[in-house]
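Chemist: Every number in this note's numbering is 1 more than the matching position in the sequence shown, counting from 1.
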Amino acid sequence: MTEHVDRSEPEPAAAPAGSAVTPADAADAARLVAFGLQPKLAPARDQEYTELLRRYRENPAFARLADAVAAGLGLVVLEVSPRAGMAVAAAEDSVFAVRMGDYARRTAADSADRFLHGLAHLAVAALAFPRPEDLADDSYIGRVTVNGVDAFVRQACRRLEERAEEQGENTDPATDAPGLEAAWRIWARRSATGATKDARRPAASTTGIVAKALAFLTDSGFLQRTGDDSGGTYRTTARYQLQVRDMAGSAALAELLELGVVPVTDGTATLLPAEDTDDLDLVADAGLPFHS
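1. List the DSSP bridge partners of V77.
2. What are the boundary residues of the alpha helix (DSSP H) that Q225 is part of?
3. Which residue wins for smallest C-alpha separation from A21, given the options E162, F63 and D135?
4. Please state whether DSSP places R144 in a helix, a strand or coil.
5. Secondary structure at P174, three-state DSSP: helix, strand or coil?
6. Identify, in the order they occur along the chain, each residue of the same chain with its Cβ nearer than 7 Å to the Cβ of G222, setting aside the five sequence neighbours on each side.
7. With distance defined between alpha-carbon atoms, name the residue in G119, A35 and R84 nearest to D138.
8. Is the beta carbon of A124 closer than 7 Å to that of V150?
9. Go ahead and pull the three-state DSSP assignment for S231.
10. If you draw a straight line from the alpha carbon of W185 to that of Q156, how long is it in whole angstroms?
11. Need the endpoints of the alpha helix (DSSP H) that T219 sits in, please.
12. With DSSP collapsed to three states, give me the class of R65.
13. Look at the Cβ atom of G143, then the Cβ atom of A126, and state whether they are nearer than 7 Å.
14. Given this structure, state the Cα-to-Cα distance separating D135 from V245, to the nearest angstrom.
15. What are the boundary residues of the alpha helix (DSSP H) that includes V245?
16. My output table needs one value for R160: the three-state DSSP class, helix, strand or coil.
17. Give the C-beta separation of S206 and R190 to the nearest angstrom, bearing in mind that I take them to be a contact with Cβ-Cβ under 8 Å.
18. Exposed or buried, R58, counting other C-beta atoms within 10 Å across all chains shown (16 or more means buried)?
19. Ignore the nearest five residues each way along the sequence and tell me which others in V147's own chain have a CB closer than 7 Å to its CB.
20. Are the CB atoms of A90 and L74 within a distance shorter than 7 Å?
21. Given R226, which residues of its chain have a CB within under 6 Å of its CB, disregarding the five upstream and five downstream residues?
22. Between L120, Q48 and Q168, which has its C-alpha nearest I187's C-alpha?
23. Among G86, A71 and V77, which has the Cα closest to the Cα of L53?
24. Keeping to the same chain, check which residues put their C-beta closer than 6 Å to that of A88; ignore five residues upstream and five downstream.
25. Could you check the C-alpha separation between D29 and H122 for me, to the nearest Å?
26. For A45 and R56, I'd like the C-alpha separation in whole angstroms.
27. Can you tell me which residues form a DSSP beta bridge with R236?
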């Protein structure tokens, strides 16, 4: 008698009751991630979004499913909460990633200008959250202005120039050198406001570059415009705080803060006055921001 051998694949183990994932669950998880990709949408304004956030917080299996959907799309989940919604950041290889080069090419073909756009974003982050405790405090709101950011960078330029002179470094190297040492040379040489026949702010001026950066952050749900003073005033959102937390370990941001241009002794951020500001080409009425 020949023994029958069953060579078929073994049956998978039955899932514990209540843990099976249904197509409807997957659709809901994807829907939550889709909400997260709409940065301007406040959870409180959408009942479905609010309900999915509650489900994420209360149902670990659903939370894992939503995290997996996000990971499959190349997204990093920064926080899921009523204040920030499902805050996600695109990984470098994600189809949703917006690369600085692509962003800058929309307004500038010159490589130096693309470099300045990157520096503007770095300066906004440093000025909006100058202290570690600002990033840790969920209730903290940073405020920046177009002219204030430009003034901040120009003050940083002076600090970097002084540091280079003290160390006996060449203060006029090629402008395509990497790092902040090259950035301050390019920024300091660029006009703050420029001039056009119809009194508009030229896109290639440093305030034009800052304005573009702040408009981009506003469109992305990271800032909210609050007024027109000082070239435009803005306040930070919970999503931007999470984004800056994610980049807080970057060497460039740390180097910019270490210049000491933003004092952080009493919780009120402002710019330190330079010893001689006659040649700094600072913008009139810079409207340097304070933070609450």
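We treat Cβ as the ideally placed atom computed from N, Cα and C, and that holds for glycine.
Remember, it's a predicted structure, so these values are computed and weren't measured experimentally.
Modeler: By the coordinates alone:
1. For the purposes of this step, residue 77 is taken as the residue at position 76 of the sequence shown. Residue pairing of V77 in beta bridges, as defined by DSSP: A90.
2. Stepping through the sequence shown from its first residue, residue 225 is reached at position 224. Note, Q225: premise wrong, no alpha helix (DSSP H); beta strand (DSSP E) at L224 to G228.
3. Residue numbering aside, residue 21 sits at position 20 when the sequence shown is read from its first letter. The shortest C-alpha separation from A21 is found at F63.
4. Translated into positions along the sequence shown, residue 144 becomes position 143. Strand at R144.
5. For the purposes of this step, residue 174 is identified with residue 173 of the sequence shown, where counting begins at 1. Residue placement at P174 is flagged as unreliable, the pLDDT there being 44, under the threshold of 50; the coordinate-derived value follows with that caveat. Looking at P174 - three-state DSSP - the assignment turns out to be coil, as it is neither helix nor strand.
6. Stepping through the sequence shown from its first residue, residue 222 is reached at position 221. These residues qualify, in order along the chain: P40, K41, T238 and R240.
7. Within the sequence shown, residue 138 is the residue found at index 137, counting from 1. Nearest C-alpha to D138: R84.
8. As a working note, residue 150 is residue 149 in the sequence shown. As a working note, residue 124 is residue 123 in the sequence shown. In contact: V150 and A124 (Cβ atoms closer than 7 Å).
9. Counting from one through the sequence shown, the residue named residue 231 turns up at place 230. S231 falls in the helix class under three-state DSSP.
10. As a first step, residue 185 is located in the sequence shown; it is residue number 184 there, counting from the start. As a first step, residue 156 is located in the sequence shown; it is residue number 155 there, counting from the start. CA-to-CA, the gap between W185 and Q156 works out to about 10 Å.
11. As a first step, residue 219 must be located in the sequence shown, where it is residue number 218. Residues T207 to D220.
12. For the purposes of this step, residue 65 is taken as residue 64 along the sequence shown, with counting starting at 1. In this structure, R65 counts as helix in the three-state DSSP scheme.
13. Looking up residue 143 in the sequence shown gives position 142. Looking up residue 126 in the sequence shown gives position 125. No, these two residues do not count as a Cβ contact at 7 Å.
14. The residue you call residue 135 lines up with position 134 of the sequence shown. The residue you call residue 245 lines up with position 244 of the sequence shown. When rounded, the distance between both Cα atoms is 11 Å.
15. Taking the first residue of the sequence shown as position 1, residue 245 is located at position 244. It spans A239 to M248 - the alpha helix (DSSP H) in which V245 sits, taken as one unbroken run.
16. The sequence position of residue 160 within the sequence shown is 159, counting from 1. Looking at R160 - three-state DSSP - the assignment turns out to be helix.
17. As a first step, residue 206 must be located in the sequence shown, where it is residue number 205. As a first step, residue 190 must be located in the sequence shown, where it is residue number 189. Not quite, the Cβ-Cβ distance comes to about 12 Å (not below 8 Å), so this is no contact.
18. Your numbering for residue 58 matches position 57 in the sequence shown. Exposed, since its Cβ has fewer than 16 Cβ neighbours within 10 Å.
19. For the purposes of this step, residue 147 is identified with residue 146 of the sequence shown, where counting begins at 1. Cβ neighbours of V147 beyond the five flanking positions: T208, V211, A212, L215, S231, G232 and G233.
20. The residue given as residue 74 occupies position 73 in the sequence shown. The residue given as residue 90 occupies position 89 in the sequence shown. Not in contact: L74 and A90 (Cβ atoms no closer than 7 Å).
21. Stepping through the sequence shown from its first residue, residue 226 is reached at position 225. Once the five neighbours on either side are set aside, the close Cβ partners of R226 are T219 and Y235.
22. Here residue 187 refers to the residue found at position 186 of the sequence shown. Residue L120 is the option with its Cα nearest to I187.
23. Reading the sequence shown from its first residue, position 52 is the one you call residue 53. The shortest Cα separation from L53 among G86, A71 and V77 belongs to G86.
24. Taking the first residue of the sequence shown as 1, we reach residue 88 at position 87. The beta carbon of A88 lies closer than 6 Å to those of L79, E80, R240 and L243 in the same chain, with the five residues before and after it left out.
25. If you number the sequence shown from 1, residue 29 lands on position 28. If you number the sequence shown from 1, residue 122 lands on position 121. Linking D29 to H122 through their CA atoms gives a straight-line distance of about 34 Å.
26. Position 44 of the sequence shown, counted from the start, is the residue given in the question as residue 45. Position 55 of the sequence shown, counted from the start, is the residue given in the question as residue 56. Rounded to the nearest angstrom, the gap between the Cα atoms of A45 and R56 is 15 Å.
27. Working through the sequence shown from its first residue, we reach residue 236 at position 235. R236 is bridged to R144 and Q225.
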